[in-house]
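**Student:** Numbers in our numbering are just positions in the sequence shown, counted from 1, shifted up by 14.
The structure's right below; bear with me while I get my questions together.
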Amino acid sequence: MSRPEVWKPVVGFPGYEVSDRGRVRSFKRDPEGELLKLHPGGRGYLQLVLRRDGRSHSRLVHRVVLEAFAGPCPPGQETRHLNGDRFDNRRANLAWGTPAENRADAIRHGTSPAARTRCPQGHPDGERKCRTCQRDRERSRHRLVDV
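See the structure below:
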């Protein structure tokens with residue numbers, strides 16, 4: 015049997031709540047609470063837009079969760095995804111930590127470029143780039159095209 019979802023107010027944004035499962039809801043238009051849509055941002059982390067005083071504010075979901083459940087980010091620390099999954103914003107998967115701890119996590123999970131051994135197509139990496147993909151790119155660049 016699963017335990018009930020725990021909701022807390024979003025720090026600095028009245029009318030919003032965040033859950034320990036990484037979901038966010040708004041009470042601005044619906045007194046029952048309307049779940050907000052989360053979108054991947056430029057670096058692959060889920061984000062959302064919150065409104066305050068007539069202005070929109072983009073926020074990273076993992077930071078919203080940790081601020082509500084663990085308090086403000088300590089100086090010199092950042093958010094860690096303990097299992098390496100940027101889309102897993104459950105409280106149990108998040109922690110504040112140093113940049114060095116975050117880099118060590120990324121190497122352990124295989125999500126760091128330093129830990130990468132294969133290109134996205136599955137070919138073994140060379141020293142800096144996948145030789146197979148680089149060779150294919152060079153070949154396609156030099157092909158003649160019939161007009």
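C-beta atoms are modelled at their ideal positions from N, C-alpha and C, and glycine is treated no differently.
Hey, which unbroken runs of the beta strand (DSSP E) at 3 residues or more fall wholly within the region 52-137?
**Tutor:** For the region 52-137, whole beta strand (DSSP E) runs of length 3 or above, ordered along the chain, are 60-66, 69-74, 92-95, 108-111.
**Student:** Do Leu108 and Thr125 have their C-beta atoms closer together than 8 Å?
**Tutor:** Not in contact: Leu108 and Thr125 (Cβ atoms no closer than 8 Å).
**Student:** Assign Tyr81 to buried or exposed, taking buried as 16 or more other Cβ atoms, counted over all protein chains shown, within 10 Å of its Cβ.
**Tutor:** Residue identity differs from the one stated: residue 81 is Glu in this sequence, not Tyr. It counts as buried.
**Student:** Residues in the same chain with beta-carbon distance under 6 Å from Cys42, minus the five sequence neighbours each way, listed in chain order, please.
**Tutor:** One detail in the question is off: residue 42 reads as Lys in this sequence, not Cys. Correct list, in chain order: Gly29.
**Student:** Tell me whether Phe101, by its Cβ, gets closer than 7 Å to a heavy atom of the ligand ZN.
**Tutor:** Because no ligand of any kind appears in the structure shown, any question about the ligand ZN cannot be addressed here.
**Student:** Leaving out five residues before and five after Arg100 in sequence, what residues of the same chain have Cβ atoms less than 6 Å from its Cβ?
**Tutor:** Around Arg100: Gly58, Tyr59.
**Student:** So, are the CB atoms of Ser72 and Gln61 less than 8 Å apart?
**Tutor:** Going by C-beta atoms, Ser72 is nearer than 8 Å to Gln61.
**Student:** Going straight from the alpha carbon of Lys22 to that of Val38, what length do you get?
**Tutor:** Near 10 Å, if we compare the C-alpha coordinates of Val38 and Lys22.
**Student:** Which class does Glu46 belong to by DSSP, given the choice of helix, strand or coil?
**Tutor:** Of the three classes helix, strand and coil, the one that applies to Glu46 here is coil, per DSSP.
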